[in-house]
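Numbered by my numbering, the letters in the sequence shown go through residues 1 to 160 in order.
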Amino acid sequence: MKSLYIMRHAKAALHNTAPTDFERKLTDRGLDDAKEMGKRLYNKKPQIQSIIVSPATRTKQTAEIVAKELGISNIIYNKDIYESSSNAIAQIVTEINDNYNNVMLVGHNPTFSGMMEYFTNKEIDNLPTAGMYLIEFETNTWKGATEQKGNLKWADWPKL
(Lines of atoms letter the chains of each structure in order from A; the text may use other names.)
(Lines give C-alpha, C1' and ligand atoms only; values in the text may rest on other atoms or scores of the structure.)
Protein backbone atom coordinates (compact mmCIF):
# COMPACT_ATOMS: atom_id res chain seq x y z
CA MET A 1 0.00 0.00 0.00
CA LYS A 2 1.11 3.56 -0.78
CA SER A 3 -0.09 6.52 1.27
CA LEU A 4 -0.07 10.03 -0.18
CA TYR A 5 -0.57 13.01 2.10
CA ILE A 6 -1.47 16.15 0.14
CA MET A 7 -1.19 19.53 1.84
CA ARG A 8 -1.83 23.05 0.64
CA HIS A 9 0.56 25.68 1.98
CA ALA A 10 -0.60 27.72 4.97
CA LYS A 11 -1.97 31.29 4.78
CA ALA A 12 0.39 33.53 2.84
CA ALA A 13 0.82 37.27 2.65
CA LEU A 14 -1.01 39.18 -0.08
CA HIS A 15 0.47 39.37 -3.57
CA ASN A 16 1.61 42.98 -3.17
CA THR A 17 3.80 42.17 -0.14
CA ALA A 18 6.58 40.43 -2.06
CA PRO A 19 8.45 41.15 -5.29
CA THR A 20 6.92 38.03 -6.89
CA ASP A 21 4.22 35.46 -6.13
CA PHE A 22 6.97 32.86 -5.71
CA GLU A 23 8.50 34.84 -2.82
CA ARG A 24 5.37 35.39 -0.72
CA LYS A 25 5.88 34.38 2.92
CA LEU A 26 3.46 32.94 5.45
CA THR A 27 1.50 35.30 7.65
CA ASP A 28 1.55 34.91 11.45
CA ARG A 29 -1.71 32.98 11.13
CA GLY A 30 -0.12 30.81 8.44
CA LEU A 31 2.84 30.02 10.69
CA ASP A 32 0.47 29.09 13.54
CA ASP A 33 -1.78 26.99 11.27
CA ALA A 34 1.17 25.08 9.80
CA LYS A 35 2.38 24.23 13.30
CA GLU A 36 -1.13 23.19 14.39
CA MET A 37 -1.58 20.96 11.35
CA GLY A 38 1.84 19.43 11.94
CA LYS A 39 0.79 18.57 15.50
CA ARG A 40 -2.52 17.10 14.33
CA LEU A 41 -0.71 15.01 11.75
CA TYR A 42 1.85 13.87 14.33
CA ASN A 43 -1.02 12.56 16.48
CA LYS A 44 -2.16 10.38 13.55
CA LYS A 45 1.28 8.63 13.58
CA PRO A 46 1.73 8.93 9.80
CA GLN A 47 5.30 7.55 9.43
CA ILE A 48 5.92 9.88 6.47
CA GLN A 49 9.28 9.07 4.91
CA SER A 50 9.66 12.01 2.53
CA ILE A 51 8.08 15.39 1.86
CA ILE A 52 8.09 16.68 -1.73
CA VAL A 53 7.56 20.42 -1.88
CA SER A 54 7.17 23.30 -4.27
CA PRO A 55 10.20 25.57 -3.80
CA ALA A 56 8.01 28.69 -3.41
CA THR A 57 8.73 30.45 -0.11
CA ARG A 58 5.29 29.81 1.45
CA THR A 59 5.34 26.09 0.67
CA LYS A 60 8.92 25.71 1.90
CA GLN A 61 7.96 27.40 5.17
CA THR A 62 4.87 25.21 5.56
CA ALA A 63 6.75 21.98 4.83
CA GLU A 64 9.64 22.85 7.12
CA ILE A 65 7.29 23.56 10.03
CA VAL A 66 5.35 20.32 9.49
CA ALA A 67 8.59 18.36 9.04
CA LYS A 68 9.89 19.71 12.34
CA GLU A 69 6.69 18.64 14.13
CA LEU A 70 6.99 15.15 12.59
CA GLY A 71 10.75 14.82 13.05
CA ILE A 72 11.34 14.41 9.29
CA SER A 73 14.51 15.60 7.60
CA ASN A 74 13.94 14.22 4.09
CA ILE A 75 12.50 17.22 2.23
CA ILE A 76 12.76 17.30 -1.55
CA TYR A 77 12.10 20.54 -3.43
CA ASN A 78 10.53 20.03 -6.85
CA LYS A 79 10.06 23.08 -9.08
CA ASP A 80 7.48 21.21 -11.16
CA ILE A 81 4.94 21.49 -8.30
CA TYR A 82 4.79 25.28 -8.55
CA GLU A 83 2.03 26.43 -10.96
CA SER A 84 1.44 22.88 -12.12
CA SER A 85 -1.54 20.91 -13.40
CA SER A 86 -3.15 17.76 -12.04
CA ASN A 87 -1.42 15.77 -14.77
CA ALA A 88 1.98 17.16 -13.77
CA ILE A 89 1.40 16.29 -10.11
CA ALA A 90 0.19 12.82 -11.09
CA GLN A 91 3.43 12.33 -13.04
CA ILE A 92 5.47 13.39 -10.00
CA VAL A 93 3.58 10.85 -7.87
CA THR A 94 4.20 7.98 -10.28
CA GLU A 95 7.93 8.77 -10.19
CA ILE A 96 8.27 8.58 -6.39
CA ASN A 97 10.86 6.06 -5.24
CA ASP A 98 9.06 2.80 -4.42
CA ASN A 99 11.16 2.44 -1.26
CA TYR A 100 8.88 5.12 0.21
CA ASN A 101 5.40 3.97 1.23
CA ASN A 102 4.27 7.20 2.96
CA VAL A 103 4.94 10.48 1.17
CA MET A 104 3.63 14.02 1.58
CA LEU A 105 3.27 16.64 -1.16
CA VAL A 106 3.06 20.32 -0.21
CA GLY A 107 1.92 22.74 -2.88
CA HIS A 108 -0.70 25.11 -4.20
CA ASN A 109 -4.31 25.55 -5.21
CA PRO A 110 -6.21 25.17 -7.40
CA THR A 111 -4.21 22.08 -8.35
CA PHE A 112 -4.14 20.49 -4.89
CA SER A 113 -7.91 20.76 -4.50
CA GLY A 114 -8.28 19.07 -7.86
CA MET A 115 -5.94 16.22 -6.94
CA MET A 116 -8.54 14.69 -4.63
CA GLU A 117 -10.99 14.34 -7.50
CA TYR A 118 -8.25 13.15 -9.85
CA PHE A 119 -7.08 10.35 -7.55
CA THR A 120 -10.38 9.39 -5.83
CA ASN A 121 -13.29 10.77 -7.88
CA LYS A 122 -14.37 12.67 -4.73
CA GLU A 123 -14.64 16.41 -5.08
CA ILE A 124 -13.51 19.17 -2.78
CA ASP A 125 -14.49 22.71 -3.79
CA ASN A 126 -11.51 24.39 -2.21
CA LEU A 127 -8.83 22.91 0.00
CA PRO A 128 -8.32 25.65 2.62
CA THR A 129 -4.88 26.97 3.41
CA ALA A 130 -2.93 24.48 5.55
CA GLY A 131 -5.54 21.86 4.63
CA MET A 132 -4.51 18.31 3.97
CA TYR A 133 -5.91 14.94 3.08
CA LEU A 134 -4.72 11.37 2.92
CA ILE A 135 -5.20 9.12 -0.10
CA GLU A 136 -4.26 5.44 0.04
CA PHE A 137 -3.54 3.30 -3.00
CA GLU A 138 -3.79 -0.50 -2.98
CA THR A 139 -0.52 -0.96 -4.85
CA ASN A 140 3.11 -1.79 -4.16
CA THR A 141 4.41 0.72 -6.66
CA TRP A 142 3.81 4.44 -7.11
CA LYS A 143 3.21 3.77 -10.80
CA GLY A 144 -0.06 2.20 -9.61
CA ALA A 145 -1.11 5.47 -7.94
CA THR A 146 -3.14 6.63 -10.89
CA GLU A 147 -6.38 8.39 -11.72
CA GLN A 148 -9.35 7.26 -9.60
CA LYS A 149 -7.36 4.41 -8.02
CA GLY A 150 -7.05 6.07 -4.60
CA ASN A 151 -9.18 5.88 -1.47
CA LEU A 152 -9.73 9.06 0.52
CA LYS A 153 -9.05 8.20 4.18
CA TRP A 154 -9.48 11.62 5.78
CA ALA A 155 -9.29 15.37 5.22
CA ASP A 156 -8.44 18.06 7.76
CA TRP A 157 -7.80 21.80 7.86
CA PRO A 158 -7.30 24.39 10.61
CA LYS A 159 -10.96 25.46 11.01
CA LEU A 160 -12.38 21.93 10.81
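Beta carbons: idealized from backbone N, C-alpha and C, even for Gly. All values derive from a computational prediction rather than experimental measurement.
message = Could you compute how far the alpha carbon of T62 sits from the alpha carbon of P46?
response = About 17 Å.
request  = Give the secondary structure of K60 by DSSP, where H, G and I count as helix, E and B as strand, and everything else as coil.
outcome  = If DSSP states are grouped into helix, strand and coil, K60 belongs with the helices.
ask   = D33 and P128: beta carbons closer than 7 Å?
value = For D33 and P128, no; Cβs fall outside 7 Å.
Span of the alpha helix (DSSP H), counted from its first residue to its last, around A90 = S86 to T94 is the extent of the alpha helix (DSSP H) around A90.
message = Which of the three DSSP states is assigned to G71 in this structure?
response = Reduced to three states, the DSSP call for G71 is coil.
Cα-Cα separation between E64 and I75, rounded to whole angstroms = Straight-line Cα distance between these residues: approximately 8 Å.
ask   = At a cut of 8 Å, does the stretch 135-150 reach the stretch 3-21 through at least three beta carbon pairs?
value = The stretch 135-150 makes contact with the stretch 3-21: 3 or more CB pairs, one atom from each, lie closer than 8 Å.
task = Return yes when the Cβ of V53 is within less than 7 Å of the Cβ of T59, no when it is not.
result = It is a contact, given that the beta carbons lie within the stated cut-off.
Euclidean distance between Cα positions of E69 and S50 = Going by the C-alpha atoms only, they are around 14 Å apart.
inquiry  = For the alpha helix (DSSP H) containing K39, name the first residue and the last one.
reply    = D28 to N43 is the extent of the alpha helix (DSSP H) around K39.
Rounded Cβ spacing between I81 and L105 (contact assumed at less than 8 Å) = Indeed they touch by this definition, with Cβ atoms about 7 Å apart.
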